[in-house]
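Those protein sequence lines, which keep their order, are chains A and E. Going by my numbering, the first residue of the first sequence is number 7, and it counts up by one from there. Going by my numbering, the first residue of the second sequence is number -4, and it counts up by one from there. Where is the CB? At the ideal position from N, CA and C, for every residue including glycine. Being a predicted model, the structure only gives us computed values, none of them experimental.
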Amino acid sequence: MKHLQKNIRRVAIFLCALFALLAAWGAYSLLTYGSRWFASSANTFMRTRKKNVIAGDILDRNNVVLATTINGQRVYQDDLNTRRAVVHAVGDSGSNVNNSAESFFASYLYGFNSSFLERLSFALRGEQRRGDTVRLTIDSKLAAYIASIFPSGKAGAVVVMNYQTGEVLTEQSFPTFDPQNITDSVKNDPQKPFFNRAIQGLYTPGSTFKMVTAASVIENYTNYDTLTLNCTGLLTLGNRIITDAGTNLQENKLTTHGNITLKRAFQVSCNNSFAQLALQLGDARLRKTAEDFGFNDNFLFRDLVVENSSYPTTNRTDGEIAWTGAGQSALTASPLHMCMIASAIANDGVMMEPKALLSATAPNGTQRAGLTSKVYRKPLTAEQAAVLKDYMRAVVTGGTGASAAISGTKVCGKTGSAEIDGQEYTNAWFVGFLDESASPYALSIVVENAGGGGSVAAPIARKIFVWMLKNGYIQ
Amino acid sequence: MSDRKKKRAHEPGRNTLLAMMVFFFLAFFLLALKDGKWESFALSVVVPAIIYVGTAGISHLFPSDRLLLSLTNFLCALGVLVLYRLSPSRGMSQALNYGVGVGCMMLCAMLVRYVRSWKWLTGLIMVGSIGLLALPLLIGKETNGAKNWFYIGSYSVQPSEIVKLALLISVSYLLSQRKVILSLLFAGACLLMLMLQKDLGTALLYFGVVFVLLYTATGSVPLLIGGVAGGAAAAVAGYQMFAHVKKRVAIWLNPWADSDGAGYQIVQSLIAIVNGGAWGVGLGLGNAQVIPEYYNDFIFSVILHEFGLVFGLVVLCMYLFIIIRGIMIARRCRTVFHALLATGCASLIALQTFVIIGGNIKLIPLTGVTLPFISYGGTSMLCSLCVIGLLQGVASRNKAGVREDRELAMQGGDTR
């Protein structure tokens, strides 16, 4: 009987542990995923809720009204161009855009967080309940300007964020549409205007990924600044051939850079050198650095649903690893994530969590939620970040990103021209920032099927930065 | 005041009875005010009455564990309330199941209290169980990939639920007689029948309970390792053999991949839970009917939706108290058989609760077992209450044992 008693006690501990597991898992999954379940388009409870509660307003960071409710109808910004520019961040009443403010902040907009007393006071006054006013970090004026200069007819995305606080000033996707007038041609457009490329679009980062490869070299080799790389223009690994922009194998024309340093290779974006570096580093070390920057992580940001970026883990042949170093192969990242990588370099190696919510205010004036900046990761030391910043400055002063230069202002950046199968032109990328503590802004630009990053995307970056400096985006 | 009265006032669970009755009276009365139906008014009286009979009435007639009774009655009444609110016809028939179940609970308690020799009864139970389990294979109907039902007239019967009781009694008895091989053979035969019926959720429960009993009786570490390994092997084999298991695992891993199709149930369950928040949307104000099988597999999600997470945690604690109470009864037993039986009953309730709630919150893949006491279904309700009945029987044996000891001590000597 004594043994029996002991065994029964052990069984009891086991059964109690099962229940503890239930409670712990329930709490964990609700805290981490709860807001995402809530914002899901499958949330049918929301529909009934929408009938009973007047949705709160959505404002931009300067209190410009982006969405409001008039006589039970959801109405968006009066100005057509502004309305179209912010539609992916704000959303539309038909929930065509996924994970926009309209759905992701629905718990505020429809007053799900209001207390019993607040509900009671509405009931006693005999009024219909009102949701909270949501103020976004979005800057609608900036968004409208960017929409006016983005190459017309092209698809792509632009993200601008404050690298010190993580506030996202704009996240726009092109082509865009008018939420007040959704026509059949918008619905049937093969370029999918409803799709938010800025946060949901998974692109091949191309040469912008060289920021990560270079970071890995700096982390792993103390002699990174004296390394000599030999670019012969052609590197054959199995069935993969690594060449540089401008190469034409049929005409036997090769782009070669000869013996160059890491900084020079970065400045001219030499694929051959970066392929060699990736092979020297090996897949494991390059992958570690990429994961430090957030690749292969499950992004669970509080304010934004960002598609996960991936560093490939299968089919790792030498050819694939080499191309990964130059930003091709099966790598994918969203424009917002690439902007975060540039932000980390700008912000002394500290990557801030992207923020979209400035505040949520209850109808009676109490503030329900506010902006709290949070560090997401620290992928680099301040010294390593300074080296990369210097490389990115060199890209603009005398490299592929020269057309982003502004005299008197320290613009840093990296261009990319990502090759996509079946596309006539490459995707043009520019990822960069202002190295000015009074104007801590980073941006990321993708223009699909448009050509080289240096010739297409860098001039857009320049225009955006010039406009921001001229319009007082100086703290 | 007499000694007896004083003692009763201090008995655990006495003050809670009134609170429980008021709670359910108010809840049904609220629903009645909303819909104005006479059934709702009737239930606001009938349900507290069943609670009274099931708690105070039984403990008056029969020496039993008062706290265990209170907790059980609360959960059963909660099931009736939630079901009635979502689907009045199901709620009414669940109230009937509850009433009948309380009667069955008494019968089971008396069975354990008064039966002195289990040898022949166990043999009979074993033969009967195998026969019962064979029935759905012969005349059953297939639902949700499993063929574990058959009909008597218009009543559906799920023999695997009834055999749970048989399994508890017979395996406990055989193990107490050190007939390990025979008990394993019997359990194996039952498991095989369930596999043939593709009722894998229940098979998992049977396996868990038999395994716990085996460990309790022998305390053998190799057996522990062997059991875990065997269970894992069976899980892999089940995954490979049955297409619907593969599908369920895929849904569990990522229900959002097909949130309008295969993953719809679990996605809607999770969404219902977050919509409820900490305090729930309120009784009668939710719309959890959008979850398929809301009255059965997903009833806990409905509770979380309408009553909130805090209340859900309280319900979880009630199950935990039932289990702990069961274990306490087991530890006070004087015979190996009764100790094993009580441990088995407690672990059955625990495992079943864990498996279905874990499925609801996406901790483990969803299996079609019911939530004890709450889920809709006559067989399930009856079986869960019978398990409590068995526990009550053991508890009353313990009390009788204590009384005998005291009398012996008062007589001042060993008269046995």
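- [ ] Go through its chain and collect everything with a Cβ distance to Gly97(A)'s Cβ below 7 Å, but skip five positions before and after it.
- [x] Val103, Ser106, Ala107, Glu108, Ser109
- [ ] Output the distance between the C-alpha atoms of Gly281(E) and Tyr431(A), rounded to the nearest integer angstrom.
- [x] 53 Å
Open item on the list: One question on the structure: do Tyr210(E) and Leu219(E) come within less than 7 Å of each other, judged by their Cβ atoms?
Closed with: yes
- [ ] Provide the residue(s) that pair with Arg136(A) in DSSP beta bridges, ordered along the chain.
- [x] Ile60(A)
- [ ] Express the C-alpha separation of Arg383(A) and Ala510(A) in angstroms, rounding to a whole number.
- [x] In this structure chain A extends from 7 to 481, so residue 510(A) is not present and cannot be described.
Task: Per-residue DSSP class, three states only, for Arg383(A) - done: strand
TODO: Under 6 Å Cβ to Cβ from Ala448(A), same chain only, skipping five residues before and after it: list those, please.
DONE: Met167, Tyr169, Cys345, Ala348, Ser349, Ala352, Phe439
Open item on the list: Quick check on DSSP: helix, strand or coil for Glu173(A)?
Closed with: strand
Task: Own chain residues within Cβ distance below 7 Å of Cys378(E), not counting five before or after - done: Glu156, Ile157, Lys159, Leu160
Task: Extent of the continuous alpha helix (DSSP H) to which Phe436(A) belongs - done: That residue, Phe436(A), is in no alpha helix (DSSP H); its beta strand (DSSP E) goes 433 to 440.
TODO: Enumerate in chain order the residues of its own chain whose CB-to-CB distance from Leu66(E) is below 7 Å, with the five nearest sequence positions on each side excluded.
DONE: Met313, Phe316, Ile317
Open item on the list: Just verifying my parser: in three-state terms, what is the DSSP assignment at Gly162(A)?
Closed with: strand
- [ ] Check whether the Cβ of Asn270(E) lies closer than 7 Å to any Cβ atom in chain A.
- [x] yes
Task: Bridge partner(s) assigned by DSSP for Ser151(E) - done: Tyr146(E)
Open item on the list: Report the CB separation of Phe471(A) from Val401(A) in whole angstroms; it is logged as a contact under 8 Å.
Closed with: That pair is no contact at about 14 Å.
Task: Opening and closing residue of the alpha helix (DSSP H) in which Ser335(A) lies - done: Segment: none, Ser335(A) is in no alpha helix (DSSP H) and carries neither H nor E.
- [ ] Measure from the alpha carbon of Trp33(E) to the alpha carbon of each residue in Pro360(E), Val310(E), Met87(E), Tyr146(E), then state which is nearest.
- [x] Met87(E)
Open item on the list: Whether or not the segment 55 to 64 of chain A and the segment 127 to 135 of chain A are in contact is what I'm after, with contact meaning three or more pairs of Cβ atoms, one per stretch, closer than 8 Å; do they touch?
Closed with: yes
- [ ] Using the Cα positions of Phe122(A) and Arg329(E), report the straight-line distance between them to the nearest angstrom.
- [x] 53 Å
TODO: Give the residues of chain E in contact with Asn13(A), contact being defined as C-beta atoms less than 7 Å apart.
DONE: Tyr210, Thr211, Gly214
Open item on the list: Against chain A, with Cβ distances strictly below 7 Å, would Thr338(E) count as a contact?
Closed with: yes
Open item on the list: Any beta carbon of chain A sitting closer than 7 Å to that of Ser254(E)?
Closed with: yes
- [ ] Note down, in chain order, every chain A residue with its Cβ under 8 Å from the Cβ of Gln263(E).
- [x] Ala48, Thr50
Task: Sequence-distant residues of its chain with Cβ nearer than 8 Å to Asn143(E) (five each side left out) - done: Pro131, Gly135, Gln153, Pro154, Ser155, Leu189, Gln192, Lys193, Asp194, Thr197
- [ ] Would you tell me roughly how many angstroms separate the C-alpha atoms of Gly372(E) and His300(E), rounded to the nearest one?
- [x] 21 Å
Task: Unbroken beta strand (DSSP E) run spanning Tyr447(A), endpoints - done: 447 to 453
Open item on the list: Can you find the residues in the same chain that come closer than 6 Å, C-beta to C-beta, to Ala271(A), ignoring five residues on each side of it along the sequence?
Closed with: Leu235, Ser279
Open item on the list: For chain A, check one thing: does any of its Cβ atoms lie closer than 7 Å to the Cβ of Met(-4)(E)?
Closed with: Its pLDDT being 42, under 50, Met(-4)(E) is placed unreliably in this model, and the value from its coordinates should be taken loosely. No, Met(-4)(E) lies away from the interface with chain A (no Cβ there is under 7 Å from its Cβ).
- [ ] Ignore the nearest five residues each way along the sequence and tell me which others in Arg411(E)'s own chain have a CB closer than 6 Å to its CB.
- [x] Any reading at Arg411(E) must be qualified, since the residue scores a pLDDT of 46, below 50, and its modelled position is unreliable; the value itself is stated next. Contacts found: none.
Open item on the list: For Ser472(E) and Pro341(A), what's the separation of their Cα atoms in angstroms?
Closed with: Because residue 472(E) is not part of the residues shown, which for chain E are -4 to 411, the question remains open.
Task: Where Phe201(A) falls: helix, strand or coil (DSSP) - done: coil
- [ ] Show which residues of chain E have a CB atom less than 8 Å away from the CB atom of Val103(A).
- [x] Residues of chain E passing the Cβ test: none, with the nearest at roughly 17 Å.
TODO: Tell me whether the beta-carbon of Gly239(A) lies closer than 7 Å to the beta-carbon of Thr210(A).
DONE: no
Open item on the list: Pull the bridge partners of Phe180(A) from the DSSP assignment, please.
Closed with: Gly162(A)
Open item on the list: If you measure between the beta carbons of Thr143(A) and Lys361(A), is that distance less than 7 Å?
Closed with: yes
Open item on the list: According to DSSP, is Lys420(A) part of a helix, a strand, or is it coil?
Closed with: strand
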